[in-house]
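Going by this note's numbering, the first residue of the sequence shown is number 144, and it counts up by one from there. Note that beta-carbon positions come from the ideal geometry of N, C-alpha and C, so glycine has one too. Every value quoted in this text rests on a predicted model; they were computed, and no experiment measured them. Before any comments, here is the structure.
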Amino acid sequence: MKKLFRPYLVFLMMGSLLFTASSCSDDDPEPIEEEQELITTLKITLVPVGKSQSVEGIYSDPDGDGGNDASVNTLNLEANTTYNATITLFDDSKNPSVELTSEVEEEGDEHEFFYQTLDNLVLAITKTDRDNSNRPVGLEAQVVTTDASSGRLRITLKHQPNLKVGANDANREQTGLTRGETDVQATFPVVIQ
């Protein structure tokens with residue numbers, strides 16, 4: 144009678160050891176999180192087509208979110224003018240300052256800029272650069288003014304790994320703003336005259 148129970152006892156003990164060993168494993172890899180770069184400065188340069196007077200807007204927040212308020216200058220644009228816009232990004236918290244534009248460009252499939260006109264500002268903005276999947280990035284854009292107006296232009300860079308909306312999405316701007324993490328958001332006062 145004792146011999147009949149021994150094999151079951153051995154199997155029971157081995158099963159409990161295997162269960163304990165597999166459930167208490169410390170070898171599970173930790174997910175790797177990429178640390179986002181700090182963007183302290185966003186510069187937008189607007190070059191008018193057929194004219195010579197460029198306009199530059201600089202948003203600067205050297206201590207990042209939560210510290211001192213950011214500084215920003217007003218964009219004074221001409222009415223009925225087409226501008227080619229380019230954005231440049233920097234981390235001024237490092238010495239020397241680090242330019243981050245090329246990194247965003249290289250990771251264009253994970254980033255997109257969104258342009259919002261606020262407070263009755265009338266501008267037509269079209270992103271002109273594309274990522275490898277032919278989706279807009281927004282480091283380059285065409286900005287078209289019509290009649291005189293004033294208001295604010297908000298530029299938001301979203302980090303959207305595996306979340307970028309398809310190129311044909313009719314609600315791209317609103318949908319894109321709700322996805323991913325905001326890397327930087329700058330709001331410029333704008334006067335068109």
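CB-CB length for residue i against residue j, believed under 8 Å
i: V286; j: L266; result: 6 Å
i: T224; j: Y202; result: Between Y202 and T224 the Cβ distance is about 22 Å, and since that is not below 8 Å, they are no contact.
i: K301; j: E249; result: In fact, because the Cβ distance is near 16 Å, the residues do not count as touching under 8 Å.
i: L218; j: L282; result: At roughly 17 Å, the Cβ-Cβ gap does not stay under 8 Å, so L218 and L282 are not in contact.
i: E180; j: E246; result: 7 Å
i: S293; j: V333; result: 6 Å
i: R278; j: K237; result: That belief does not hold up - the Cβ atoms of R278 and K237 are roughly 30 Å apart, past 8 Å.
i: Q336; j: A222; result: 6 Å
i: L189; j: S195; result: That pair is no contact at about 13 Å.
Cross-strand partners of residue i (DSSP beta bridge)
i: T260; result: L296
i: R239; result: Arg is not the amino acid found at residue 239; the sequence shown has Pro there. None; P239 has no bridge partner.
i: P191; result: Y226
i: D290; result: Partner(s): none; D290 has no beta bridge.
i: T184; result: S203 and F233
i: N139; result: The structure shown does not extend to residue 139, since the chain is modelled only from 144 through 336, so no value can be given for it.
i: K307; result: Answer is none; K307 lacks a bridge partner.
Reference residue i, options the options, closest by Cα
i: L264; options: N275, L220, S240 and N277; result: L220
i: L232; options: I187, I335 and R297; result: I187
i: Y226; options: T288, F331, K307 and R322; result: T288
i: A329; options: G200, E253 and L243; result: G200
i: A284; options: N277, I268 and G209; result: I268
i: D235; options: L261, P205 and N216; result: P205
i: T271; options: G207, G251, N216 and Q303; result: G251
i: R273; options: G210, L189 and E253; result: E253
i: N305; options: T299, L189, D290 and R322; result: R322
i: F331; options: N275, P239, I298 and D208; result: I298
i: G259; options: G319, V190, V198 and K194; result: Residue identity differs from the one stated: residue 259 is Gln in this sequence, not Gly. Closest by alpha carbon: G319.
Coarse secondary structure for residue i, derived from DSSP in three states
i: L282; result: coil
i: S197; result: coil
i: L320; result: helix
i: S203; result: strand
i: D274; result: coil
i: T231; result: strand
i: T269; result: strand
i: E255; result: strand
i: E176; result: With a pLDDT of only 46 at E176, under 50, the local geometry of the prediction cannot be trusted, and the value read off the model is given with reservation. Residue state, collapsed to three classes: coil.
i: T325; result: strand
i: T244; result: helix
i: S165; result: Any reading at S165 is ruled out, since the residue's pLDDT is 47, under 50, leaving its predicted position unreliable.
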